[in-house]
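See below for the structure under consideration.
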Amino acid sequence: MSMGPGGRGMRGGFLTEEEKKNQPKVTKELLVRVFSYLAPYWKQLILTLVLILISSVLRMQPSILTGRIIDEGLINRNLEVLIKLILLSLGVTFGAEMIGVAESYLNSWIAQHITFDMRNKMYAHLQKMSQSFFTSNNQGDIITRMTSDIQGVQSIITNTFTSIISNVITLVVALVAMFQKNWILAILGIILVPLFTIPTRAAGKTRWELTRESQAVHDEVNGLLNETLSVSGQLLVKLFGKEEYEYKKYENANRKMINLNIRESMAGRWFRVILSTLTSIGPMALYLVGGILMMKYDADLSVGDITVMVSLLGRLYGPVNSLLNIQTEWIRAMANFTRIFEYYDMPVEIENKPDAIVPEKAYGNVDFEHVFFHYDPSREILKDVSFTLKSGNSVAIVGPSGSGKSTMVNLIPRLYDVTGGSVKFDGVDVRDLDLAYLRNNVGVVSQETYLFNGSIRDNLLYAKPDATEQELIEALKKANIYDFIESQDEGLDTMVGNRGLKLSGGEKQRISIARVLLKDPALLIFDEATSALDSINENKIQEAIEPLIESRTSILIAHRLSTILSADEILVVRDGEIVERGQHEELVKAGGVYTELYETQFKKALEVMGKDNVKVC
Ligand code: ATP
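So, in structure tokens, the structure goes:
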């Protein structure tokens with residue numbers, strides 16, 4: 001719908017079913033909270049308000065001046081007055097636009113500053129969330145809150161806020177001007193505008209619904225194409241002889257789409273018919289009634305006055321239509337704020353205690369004392385786990401997939417907190433230790449190595465920003481990856497690609513070992529990759545990790561025999577319980593879970609690895 005110059009456009013005017021269902025409850029607290037974000041900028045907000053007021057009033061002037069241009073200039077045949085009035089009208093429009101520029105600048109300044117504050121607050125809060133938040137929430141959702149929802153807030157401030165004010169002002173000024181000219185025509189205008197805006201709105205809604213429907217079918221067709229025209233999709237279709245079936249499915253969706261598209265474009269066409277007819281009835285009705293009043297009743301009305309009325313009427317449509325959308329805008333705005341506040345209100349589960357302990361030196365002793373843990377109360381993952389690791393020693397944790405090995409080690413740097421019992425680091429419950437201290441002294445090489453997009457150097461410096469070149473090289477040598485880096489043209493400045501994708505799994509893991517070594521942690525946790533690496537890479541990792549285990553307190557989640565053998569003690573975990581513990585030889589003989597694992601997994605690997613390792617056993 002055409003927006004009169006006074007009416008600022010508002011975002012799509014209708015709520016979807018989902019939006020209607022999820023309408024937020026607007027409480028006083030919510031409003032107070034929303035306004036608390038605007039409050040710091042109250043001075044700028046008031047200035048914007050004043051500017052909007054001035055520019056809205058000025059923008060109405062050319063319409064009002066039209067009457068004088070006609071009566072005093074044209075009908076009176078006075079060229080001088082005509083030119084003056086035209087110049088005045090142009091000048092006022094220019095002035096209004098200049099003020100409009102200042103207002104837009106201020107507006108976007110305020111909106112940007114408010115969203116800057118909100119984004120920072122959200123990011124800081126998200127960083128405090130525990131690992132379980134990130135595992136249970138969809139990454140897309142988290143990013144949407146950070147981006148679109150906060151973007152929504154910005155649009156509320158720049159569009160909704162200004163549009164409400166300027167539309168109300170435009171309406172008031174137009175109506176006052178109309179009443180000044182002639183009250184009968186003014187009342188006629190007031191009756192006409194909603195009579196015409198409401199049906200156009202209804203027609204607009206039908207069209208909007210059709211567009212949405214056709215969009216959904218469009219997505220369906222795209223989905224079908226993506227699925228069946230991909231390499232693996234086609235393979236499946238061919239192997240199962242589903243060509244005919246898929247064709248029928250596609251044909252159906254395609255037919256649905258053309259029908260909808262035709263209806264949609266016709267609805268658009270009808271919409272335009274309704275719109276132009278209705279909007280032209282208004283001026284005609286004013287001309288007619290104005291003419292009758294002027295000719296039959298000798299009313300105090302000039303041709304110019306009637307033209308002004310028609311012009312002002314045209315200015316009413318936009319603001320009235322926008323104001324009809326306000327409820328929708330308001331609900332969307334509140335929903336946006338509510339979603340953002342939901343995130344702000346999520347409790348920080350893993351927090352630093354105010355009186356957290358920062359010991360002078362870390363040794364790496366670990367005690368698990370009757371540890372229980374669950375992600376979800378319905379399923380206990382760790383059940384009464386107890387073990388002790390003395391500084392300088394190493395333990396290997398072995399067990400079937402899903403038995404809780406990674407969960408166990410994640411409790412040490414407090415990625416999660418125990419639900420029962422306690423985990424102690426150097427004799428102090430990890431929950432009483434300073435988080436930064438704890439995490440600084442516990443180094444984890446996880447199964448899934450994550451390198452961010454940058455050079456190898458950048459990735460290493462992440463662990464120790466002030467590391468010298470020599471330290472970097474030493475760590476890389478220890479991690480058995482220096483030869484590879486030297487062989488690269490760019491050396492340490494080689495880019496690793498997105499998530500380190502330009503490197504092989506083994507190279508990535510060795511770089512991440514080097515990264516942890518730079519941190520020089522008192523305790524090293526190594527979660528060995530379950531996925532098969534080629535034997536060269538595997539041996540290289542093995543060569544890197546063995547001397548490390550010798551020299552450091554370490555916990556190894558081990559899947560390969562050589563790693564297990566380098567540990568001082570082996571803990572065998574099954575279904576979240578330590579079922580066996582001890583040395584390799586005695587465990588093999590015991591005939592329990594370990595023996596089974598040995599027979600099914602390790603022994604086979606052993607044969608592949610060659611006689612060197614066989615000797616060890
Ligand atoms: P693998 O050797 O395959 O890595 P694992 O022994 O390390 O296995 P964990 O990763 O500790 O096993 O998982 C133990 C159990 O906890 C599994 O059954 C898993 O499904 C469940 N689990 C792991 N992480 C979560 C999580 N964030 N939320 C809910 N359940 C989880």
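Take 1 as the starting number for the sequence shown in the numbering used here and just add one per residue. Positions of the beta carbon are idealized from the N, C-alpha and C atoms, including for glycine.
With distances taken between CA atoms, V289 lies nearest to V310 out of V310, F271 and T277. A distance criterion of 6 angstroms places the beta-carbon of G402 in contact range of ligand 1, judged by its closest non-hydrogen atom. Every beta strand (DSSP E) stretch that sits fully inside the region 392-441 and reaches 3 residues is listed by chain position as 394-398 and 420-425. With contacts defined as CB atoms closer than 7 angstroms, F372 and W208 fail to qualify as a contacting pair.
For T160, the shortest separation between its Cβ and any heavy atom of ligand 1 does not lie below 6 angstroms.
Cβ neighbours of V26 within its own chain (closer than 7 angstroms, five residues either side excluded): M334. For D367, the three-state secondary structure derived from DSSP is strand. Residue pairing of M495 in beta bridges, as defined by DSSP: S455. Sequence-distant partners of S132 (beyond 5 residues in either direction) whose C-beta falls short of 7 angstroms from its own C-beta, in its chain, are Y375 and Y416. Apart from sequence neighbours up to five positions away, the residues of its chain that approach G576 with a beta-carbon distance below 7 angstroms are E380, I381, L382, K383, S403 and G404, ordered along the chain. Within the DSSP bridge table, the entry for F387 names F368 as partners.
In this structure, L524 sits near R552, with a CB-CB distance shorter than 7 angstroms. Between S554 and V445, the CB-CB gap reaches or exceeds 7 angstroms.
DSSP lists V445 and L556 as the bridge partner or partners of F526. Closest option to T115, judged by alpha-carbon separation, among Y41, N453, I187 and S56: Y41. Around the beta carbon of E329, a 10 Å sphere encloses 16 or more other beta carbons of the protein chains shown; the residue is thus reported as buried. For E569, no alpha helix (DSSP H) segment is defined; the enclosing uninterrupted segment is the beta strand (DSSP E) at E569 to R574. The beta-carbon separation of R574 and P400, rounded to 6 angstroms, stays under the 8 angstroms limit for a contact. The Cβ neighbour count for Q112, taken over all protein chains shown within 10 Å, is under 16; the residue is labelled exposed.
The C-alpha of I340 is placed about 37 angstroms away from the C-alpha of Q509.
Around the Cβ of T277, a 10 Å sphere holds fewer than 16 other Cβ atoms; the residue is exposed.
CA-to-CA, the gap between M346 and Q127 works out to about 12 angstroms. DSSP places F14 in the coil class of the three-state scheme, outside both helix and strand.
Secondary structure at G506: helix, using DSSP grouped into helix, strand and coil. Along the length of the region 61-144, whole alpha helix (DSSP H) runs at least 4 residues long occupy 79-128, 131-136 and 139-144, reported in chain order.
Between the C-alpha atoms of N138 and L556 there is a straight-line separation of about 30 angstroms.
Apart from the 5 residues on each side of it in sequence, M178 sits with its Cβ closer than 7 angstroms to the Cβ of L185, A186, G189, M309 and L312 in its chain, given in chain order. By the Cβ test, the region 353-368 is not in contact with the region 142-154, since fewer than three Cβ pairs between them sit closer than 8 angstroms. L171 sits in a helix when the DSSP states are folded into three classes. When beta bridges are read from the DSSP output, F196 appears opposite no residue. Put simply, the region 435-442 does not touch the region 590-598. Fewer than three CB pairs are less than 8 angstroms apart.
Bounds of any beta strand (DSSP E) do not take in E246; it lies within the alpha helix (DSSP H) bounded by E243 to K296. The beta carbon of V409 sits closer than 8 angstroms to those of I397, V444, I525, D527, I555 and I557, all from its chain and outside the five residues before and after it, given in chain order. For the options A216, P62, S104 and N222, the alpha carbon positioned closest to that of V92 is the one of P62.
Straight across, the Cα-Cα distance linking T279 with I54 is about 28 angstroms.
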